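Undergrad:
Residue numbers (my numbering): 22 to 161.
Structure below.
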């Protein structure tokens, strides 16, 4: 269940990251505002994916929103910290453009690294009845 929860988190994070970088580049923004936008969108899409599933279970929006926050905040935060940390320490990755192979290779490796690091975090929270264990109650 931890790997599935992490993959779910990774999906939302990846959508937000890529969209944020595309928009930041299109707007001609520098690295810092583009990164802030990408992180904000990663949280937005991560929460939205969970929210959608919980709402389908017939839960009201307010409760579903609280469930999404409780389930995903730590997971997304760790995912984003690791993902952006890998890019930060990778020479030239911060300056790679969307059309550069380095951009996509560094993004893929940073997301895989974030998945590997975040999975044990999710396993720990699920084992304590927190995180995606809360969401799981609404799916079954």
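Built from N, CA and C at the ideal position, the CB exists for glycine as well. All of these numbers come straight from a predicted model, not from anything done at the bench.
Using only alpha-carbon positions, find the residue among 100, 66, 102 that is nearest to residue 86.
TA: 66
Undergrad: With hydrogens ignored, establish whether the beta-carbon of residue 54 is closer than 7 Å to any heavy atom of the ligand HEM.
TA: By its list of ligands, the structure shown contains no ligand whatsoever, and the ligand HEM lies outside what it can speak to.
Undergrad: Using a Cβ-Cβ cut-off of 8 Å (strictly less than) and excluding sequence neighbours within five positions of residue 46, which residues of its own chain qualify?
TA: Answer for residue 46: 55, 118, 119, listed in chain order.
Undergrad: In chain order, what residues of the same chain have a beta carbon less than 6 Å from the beta carbon of residue 33, not counting five sequence neighbours either side?
TA: Cβ contact annotation for residue 33 (same chain, cutoff 6 Å, sequence separation greater than five): 66, 67, 70, in chain order.
Undergrad: Could you tell me if residue 121 is buried or exposed, where buried requires 16 or more neighbouring beta carbons within 10 angstroms of its beta carbon?
TA: exposed
Undergrad: By a C-beta neighbour count over all protein chains shown, 10 Å radius and 16 as the cutoff for buried, is residue 22 buried or exposed?
TA: exposed
Undergrad: What separation, rounded to the nearest whole angstrom, lies between the Cα atoms of residue 149 and residue 142?
TA: 11 Å
Undergrad: What is the C-beta distance between residue 24 and residue 140, in whole angstroms, given that I count them as a contact (C-beta under 8 Å)?
TA: 6 Å
Undergrad: What is the DSSP secondary structure of residue 118, counted as helix, strand or coil?
TA: coil
Undergrad: So, for residue 62: in the same chain, excluding its five sequence neighbours on each side, which residues have a beta-carbon less than 6 Å away from its beta-carbon?
TA: 37, 40, 41
Undergrad: Relative to the alpha-carbon of residue 109, which residue among 131, 82, 77 has its alpha-carbon at the smallest distance?
TA: Nearest C-alpha to residue 109 among 131, 82, 77: 131.
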